[in-house]
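Undergrad: When you read off a place in the sequence shown, starting at 1, and then add 813, the result is the number in the numbering used here. Just dropping this structure here.
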Amino acid sequence: MGTEAQNADARGGSATGSVEPVLVAEGLVRSFGSLRAVDGVSLRILPGETFGLLGPNGAGKTTVISMIAGLLQPDEGTVTVAGVPMGRSSVEAKGHIGLVPQDLAIYPELSARDNLQFFGKLQGMHGRPLRDRVAEVLDLVGLGDRAKEQSKKFSGGMKRRLNIGIGLLHQPDLLILDEPTVGVDPQSRNAILESVEALSGEGMAVLYTTHYMEEAERLCDRILILDSGQAQAEGTRDELIELTGDADRVHLSGSGDLAAAEGAVAGIPAVASVHRDPHALDLTVRGAPTAIALIVNAATGAGMKLSNVEIRRPDLESVFLHLTGKALRD
814 MGTEAQNADA RGGSATGSVE PVLVAEGLVR SFGSLRAVDG VSLRILPGET
864 FGLLGPNGAG KTTVISMIAG LLQPDEGTVT VAGVPMGRSS VEAKGHIGLV
914 PQDLAIYPEL SARDNLQFFG KLQGMHGRPL RDRVAEVLDL VGLGDRAKEQ
964 SKKFSGGMKR RLNIGIGLLH QPDLLILDEP TVGVDPQSRN AILESVEALS
1014 GEGMAVLYTT HYMEEAERLC DRILILDSGQ AQAEGTRDEL IELTGDADRV
1064 HLSGSGDLAA AEGAVAGIPA VASVHRDPHA LDLTVRGAPT AIALIVNAAT
1114 GAGMKLSNVE IRRPDLESVF LHLTGKALRD
């Protein structure tokens, strides 16, 4: 995963310096009847930054994206893209955005090349510049060798990659990818992730939603966790992990005198908490790699016969569970 600082250096500035954000969304609010779907969400994305928007189903992600893309008017708040305010009929602001929705937006009877040429013309592109750009995009999404084939013959992953290519055609300043790897094969999924990494490296701002935490870990420089329409936390991976206390989890499986082992390990200063069940102890530990030998010796010395020892370092999934009480795919 790239870092915000590395991306900022590549753009010739610092993350907090003179680089202007591509996207500024401030205080977004949207209600549907009595349901407040989004409640005061704000975010900023810099050039070359991949920003993750994560939340369980019903958190408000799609509503946020719709307001940013100009498909839905916020009840309150503002959106600015590349310095241009987004309004009800903001053609200029929308022109800076490439939107790749969850649902495929391609014509199955057309070839990959013809799909791209059609959508390119809708963006005002013509002639040699359009042909050259179509060829570039086909190579970028790994479809150069299937350019003449009808898209209805493509696999689900290839269709997804073509969908992303359509969003990239006009070289937008902001690319919005709404769960682009849903239902794709592993090879296509990896190709999509590599394409996103390349776009970020070239300076494009990317807003990325996913239900796969490993994708967020790999791609996103900063992440906003959304739940029940409200921002729960925002930051880099390491900043978010600090919210959980940066503690490790240690799982001791075995038999014998687990009650005595529980008391023994609980007295170790690095151990913050211990939970015992009939066949295991689950510990919350500060600096588990350093403390693990002491923990094992204390447990076995108290009469526990260990069958397995597992250290689980904190990750984004644990942060997500901590903040929302749910798994990302719930």
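Even for Gly, the Cβ is constructed at its ideal location relative to N, Cα and C. These numbers were taken from a predicted model, which means no experiment stands behind them.
Anyone know if the C-beta pair for residue 890 and residue 838 falls short of 8 Å?
TA: Yes, these two residues count as a Cβ contact at 8 Å.
Undergrad: For residue 1011, count neighbouring C-beta atoms within 10 Å of its own C-beta (all shown protein chains included) and say buried if the count is 16 or more, exposed if not.
TA: exposed
Undergrad: Do you know offhand how far residue 858's Cα is from residue 834's?
TA: Near 5 Å, if we compare the C-alpha coordinates of residue 834 and residue 858.
Undergrad: Going residue by residue through the stretch 852 to 905, where are the continuous beta strand (DSSP E) segments of at least 3 residues, counting only ones entirely within it?
TA: 863 to 867, 889 to 894
Undergrad: Is residue 845 helix, strand or coil when you go by DSSP?
TA: strand
Undergrad: So residue 1005 and residue 994 are supposed to be a Cβ contact under 8 Å. How far apart are they, rounded?
TA: 5 Å
Undergrad: Checking 8 Å against the spacing of the C-beta atoms, do residue 1034 and residue 862 come in under that value?
TA: Less than 8 Å separates the beta-carbon of residue 1034 from that of residue 862.
Undergrad: Roughly how many whole angstroms lie between the Cα atoms of residue 852 and residue 842?
TA: Straight-line measurement puts the Cα of residue 842 at about 5 Å from the Cα of residue 852.
Undergrad: Report the rounded CA-to-CA distance for residue 1111 versus residue 1056, giving the unit in angstroms.
TA: 29 Å
Undergrad: State the DSSP-derived secondary structure class of residue 958, mapped to helix, strand or coil.
TA: Helix, per DSSP.
Undergrad: Compute the Euclidean distance between the alpha carbons of residue 825 and residue 1049, then round it to the nearest angstrom.
TA: Residue placement at residue 825 cannot be trusted, given a pLDDT of 40 that sits under 50; what the coordinates show is reported in the next sentence. The straight-line gap from Cα to Cα measures roughly 20 Å.
Undergrad: Roughly how far, in whole angstroms, is the beta-carbon of residue 894 from the beta-carbon of residue 990, given that I think they are within contact range, below 8 Å?
TA: In fact, because the Cβ distance is near 16 Å, the residues do not count as touching under 8 Å.
Undergrad: For residue 1001 and residue 968, which I take to be in contact (beta-carbon distance under 8 Å), what is that distance rounded to the nearest angstrom?
TA: 7 Å
Undergrad: Excluding the five sequence neighbours on either side, which residues of its own chain have a C-beta within less than 7 Å of the C-beta of residue 1081, listed in chain order?
TA: 1104, 1107, 1108, 1111
Undergrad: Might you give, ordered along the chain, the residues of its own chain that have their beta carbon closer than 7 Å to the beta carbon of residue 1070, omitting 5 neighbours on each side?
TA: Same-chain partners within the cutoff: 1115, 1116, 1117.
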